[in-house]
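Reviewing the structure listed below.
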Amino acid sequence: MACTNEEELMHYTHSTHWYYLAFVVFASDQAIKSYIDMTTPLGWSHEVTSFFNLVHVLNPGAAFSFLARAGGWQRWLLLAVAVGAAIWLVWLLARPARRLEALAYSLILGGAVGNAFDRAIRGQVIDYLDFHLRQWHWPAFNVADMAIVGGAISLIVASFSRPAGQQ
């Protein structure tokens with residue numbers, strides 16, 4: 001979308017800083033996953049509060065363990081989807097975007113690359129955050145998942161907020 005005046009341009013950003021943010025998301029996700037993998041046995045669980053555990057679990061599927069029992073082919077499908085999404089997000093970040101959109105793209109990019117890296121190296125994703133209410137457990141997740149969800153929420157918010165003069 002072409003910007004028509006200087007005031008409108010102020011709502012847009014085009015910076016390599018967004019790639020740095022994506023890298024910080026990726027690096028922090030991988031650092032925590034590596035720490036969990038090197039210091040705790042698979043299946044480990046540590047109660048932190050009455051509603052939160054640190055765990056060490058592997059997820060061969062996607063969000064909410066979708067396709068987790070698919071037999072192995074899902075690794076390549078999910079990896080291809082993540083790589084395709086990452087390429088698309090890099091392209092979106094290379095174009096002028098509103099700040100909230102650029103933030104969203106960066107978060108999703110960092111999270112997608114973090115989980116794709118796990119899939120490529122390990123064949124599955126390490127999850128370590130487990131929230132629960134009594135016996136009901138939310139599916140375990142990681143920093144990459146949080147970044148993807150945060151980015152998706154940011155995109156939804158951005159879709160409802162347009163700079164002055166736009167419809």
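So the sequence shown is numbered by the UniProt record's numbering: it starts at 1 and just counts up by one. Using N, Cα and C, we set each Cβ at its ideal position, and we do this for glycine too.
Distance from the CA of S45 to the CA of Q124, rounded to the nearest whole angstrom, comes to 19 Å. For L42, there is no enclosing beta strand (DSSP E), as DSSP gives it neither H nor E. The Cβ atoms of I108 and I148 sit closer than 8 Å to each other. For H17, there are no CB contacts under 7 Å within the same chain when 5 residues up- and downstream are skipped.
Partner residues in the beta bridge of W136, as assigned by DSSP, are L133. About 4 Å separates the beta carbons of A144 and G114, which is inside the 8 Å limit, making them a contact pair. Taking a contact to require three or more Cβ pairs closer than 8 Å, the region 46-57 and the region 125-133 qualify as touching. Considering only D127, Q135, L103, the residue with the shortest C-alpha distance to A152 is L103. In the structure shown, R95 falls within a coil segment according to DSSP collapsed to helix, strand and coil.
Apart from sequence neighbours up to five positions away, the residues of its chain that approach L79 with a beta-carbon distance below 8 Å are A116, R119, A120, ordered along the chain.
Remark: C-beta atoms of H56 and L77 do not approach each other more closely than 8 Å. Contact between V25 and G110 holds, with the beta-carbon distance rounding to 3 Å and staying under 8 Å.
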